[in-house]
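Below is one structure; the comments refer to it alone.
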Amino acid sequence: MSAVINIIGSGFSSLSASCYLAKAGYDVTVYEKNDTVGGRARQLKKDGFTFDIGPSWYWMPDIFEKFFNDFGKKTSDYYHLDKLGPAYKIFFKDEVITIGDTLDKICKEFDRIEPGSAIPLKKFIEKAATNYDIAINKVVLKPGLSPFELITPETAMRVDQFFKTISGEVRKQFNNPKLISTLEFPVLFLGAKPSNTPSFYSFMNYADFGLGTWHPKGGMYEVIKAMETLAKSLGVKIITQSVVKKINVSGKTASSIEINGEKKSFDILLSGADYHHSETLLDEKYRQYSETYWSKKTFAPSSLLFYVGFNKKLKNVEHHNLFFDTSFETHAEEIYDNPKWPKDPLFYANFPSKTDATMAPENAETGFFLIPIAPGIEDTEALRAQYFDIIISRFEKLTKQEVKNSILFKDSFCVKDFIKDYNSYKGNAYGMANTLSQTAFLRPKLKSKKVNNLYFTGQLTVPGPGVPPALISGKLVADLIIKHHNTAV
Ligand SMILES: Cc1cc2nc3c(=O)[nH]c(=O)nc-3n(C[C@H](O)[C@H](O)[C@H](O)COP(=O)(O)OP(=O)(O)OC[C@H]3O[C@@H](n4cnc5c(N)ncnc54)[C@H](O)[C@@H]3O)c2cc1C
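In terms of the working numbering, the sequence shown opens at residue -18 and continues consecutively.
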C-alpha cells in the first residue's frame, strides 16, 4: 500500500507538490476549501468576459517549462503561449514609456528618455542575467534549512549584493526618475520596497527585460487547468468544497484533519494554505510561530481589485499597463511604513482581450485594475467605490478617452475577500515579502519542528511570492518529504 499524503489547498504550490509526490508513488489527495482549484489564481467568467482573479504576468517561462519537463511534458502540450510585444506600457504624468519585446527596443526607449542610458542598461541587464542564473540554478532550489545553503562560490563572490539595495544600485547608474521607477518595478513582485530589497534580486530585471512577458491563451488559469490535468493523470485526487477545520496531533504525529465533520487520516500532511492559517488549525502547543512573530514580519501588500466589463474596445492601452503618474515613494510609505489608504495611488491595469480575443465578447474589453494597499487596513464598500472613481478618472485623462459610460459591470475584491476566500493573514495578496531578513533560511520552514509528519509550502515559505516561486516551493517540499520518508510504499 502506498503511503497516504493529504494536501490542504489547491494553489500553484500545492498542485506542484501533488504532482511530484504522486510521481514518487504516494497516494495523494488535495482538499480545497473553495468551489474551484487554483487558490489566488482562480478565474471569474461573467457575461462572456474572462478574468484572471489574481496573477496575470507570466514571467520566467523557463520555470514553467522545467516544471512540465519533470513529468515528460511541455507547456505546449497544455496551453499556447504568446510573447507580448510590447510587454507593457508605463504611464507617467507627462510621458509614456513602452517596454518592447527585445532588449534592443528597450535600449532605444531608454536612450529616448535619458540619452546614453542604453549603455549602463546593457551592463545592468548583463549582471542581472548572471544573478538570474545563480539564483535559479544555485540558490532558489535549496530548501531553506540552513544559512550554508546560500554560500556557494558564486554567491560568496557577490556577498555585497545581499547588503546593497536594488534602489541604491539603480540610482547609482540612472538619473531619470522615470527610468528609476521602471527598473524598480520588477522587484515589487517580491513584496517589499525596492529600498528594502537586496540588489542581488536584480535578477527580476533580467526576467523582465531579458526573458520577456508572456501570455497563455485563455489567461493564467490555463496553467492551473494544465496542472490539474497533469495531477489527475498522475493519480492525484482533488476534492473541492472541503474546508479543513482542524489538524489533530497524537504524540508528535499529525493523525487526521477534520473536514465537513469527518476525520481524514494520512501518513503525511502538507499544507499549501497560508502558513499562519495552517498553524492556527493546530492546538497552540504544536504551533512553531507565535502571533508576535507574524505581526513583526513584513508582508507583501494586499490589493484592491476591480474586474470590469467594457462594452467597447479601449484605445491607447496595451495588454499590461502601469500607472506611475503619482509618487512611487509616497505610495510605498503608505503600504509599509505608515499603513493607510494611499492618497494618490499608483495602479496597474490589464486588458487581456487586447491580445487574446477569447477573453472578451466581440468589440468589448476585459479590464482588471489593481491598487496595492497595506495588508490589514479597513475595507468598506464606500472606500472601494471612492478608489474606483479616483483611478478611473485618472485612467480617462492619461489614456485620453471616456470609459465611465462604457462599463457593463464591475466586481471588486479586497482585504475582506482575501481573508474570507483564502484565510489570508491580514488579507495579504501575495504572501511574505522577500527582504534581506526574510530570505531563504530566514523564512518560515517547509517542515514543522514540532510535528514529525507535517510540512508546509507556498508563498509564505521558500522561495517566496509569485507563481514561479510557488511551482518551485512545491518541488522543494516534495523533495524534502521524499528524502525524510524515503519510501512512498
Ligand atoms: C491580485 C494578485 C496578483 C498577482 N499577480 C501575480 C503575477 O502577475 N504574477 C505572478 O507570478 N504572481 C502573481 N501573484 C502571486 C501569485 O498569485 C501567488 O504567489 C501564488 O498564486 C500563490 O500560490 P500558493 O499556492 O502559495 O497559495 P494560494 O494560491 O493562496 O493557495 C492556497 C490555497 O489554500 C486554500 N485554503 C486555505 N485555507 C484552507 C483550509 N482551511 N482548507 C482547505 N483549503 C484551504 C485556499 O483556498 C487556496 O486555494 C499575484 C497574486 C495576487 C493575489
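From the three backbone atoms N, C-alpha and C, an ideal C-beta is built for every residue, glycine too.
If you look at residue -1, you'll find it in the alpha helix (DSSP H) that goes -7 to 4. Following the DSSP letters along the chain, one finds residue 43 inside the alpha helix (DSSP H) bounded by residues 42 to 50. Across the structure, residue 110 and residue -17 are spaced so that their CA atoms are roughly 43 Å apart. For residue 355, the CB contacts under 6 Å within the same chain, skipping 5 residues up- and downstream, are 316, 320 in chain order. Burial is judged here by how many other beta carbons sit within 10 angstroms of a residue's own beta carbon; residue 137 has fewer than 16 and is exposed.
When DSSP reads this structure, residue 12 sits in a beta bridge with -11, 220. DSSP, reduced to helix, strand and coil, places residue 36 outside both helices and strands of the structure shown, so it counts as coil. For residue 446, the shortest separation between its Cβ and any heavy atom of ligand 1 lies below 8 Å. Uninterrupted beta strand (DSSP E) stretches at least 3 residues long and entirely within the region 367 to 432 occur at 388 to 394, given in chain order. Annotation: residue 358 to residue 322 spans about 8 Å, alpha carbon to alpha carbon. Residue burial annotation: residue 363 is exposed, with fewer than 16 other C-beta atoms found within 10 angstroms of its C-beta. The three-state reading of DSSP puts residue 20 in helix, counting H, G and I together.
If you compare the alpha carbons of 123, 190, 50 with that of residue 454, the shortest gap goes to 123. The residue among -14, 415, 1, 466 with its C-alpha nearest the C-alpha of residue 457 is 1. Closest by C-alpha distance to residue 133, out of 446, 155, 101, 112, is 112. Scanning the region 85 to 172 from its first residue to its last, the whole alpha helix (DSSP H) runs of 4-plus residues come out as 99 to 115, 134 to 137, 147 to 154, 158 to 165. For residue 309, the enclosing alpha helix (DSSP H) stretches over residues 309 to 317. For residue 369, the number of other beta carbons within 10 angstroms of its own is at least 16, and it is reported as buried. Looking at the DSSP output, residue 448 sits in no beta bridge, so it has no partner there.
The nearest non-hydrogen atom of ligand 1 is less than 8 Å from the C-beta of residue 258. When C-alpha distances from residue 80 are compared across 342, 166, 23, the shortest belongs to 166. By a beta-carbon distance limit of 8 Å, residue 255 contacts residue 405. Their separation comes to about 5 Å. Considered as a whole, the region 208 to 289 harbours 256 to 261, 272 to 276 as its complete alpha helix (DSSP H) runs of no fewer than 4 residues, in chain order.
Beta-bridge annotation (DSSP): residue 190 is not paired with any residue. For residue 458, the CB stays at least 8 Å from every heavy atom of ligand 1. DSSP, reduced to helix, strand and coil, places residue 329 within a strand of the structure shown. In terms of CA proximity to residue 116, 180 leads the group 156, 152, 180. Under DSSP, residue 347 takes part in a beta bridge, and its partners are 290. Counting the other CB atoms within 10 Å of its CB gives residue 100 a total below 16, which places it among the exposed residues.
In this structure, residue 422 places its C-beta atom within 9 Å of the C-beta atom of residue 127. Sorting 27, 103, 218 by C-alpha distance to the C-alpha of residue 8 places 218 at the top. Per the DSSP secondary-structure output, residue 63 pairs in a beta bridge with 196. When the Cα atoms are used, residue 309 and residue 74 turn out to be separated by approximately 12 Å. Taking non-hydrogen atoms of ligand 1 into account, the C-beta of residue 226 is found less than 8 Å away from one of them. Here DSSP, grouped into helix, strand and coil, assigns residue 302 to strand.
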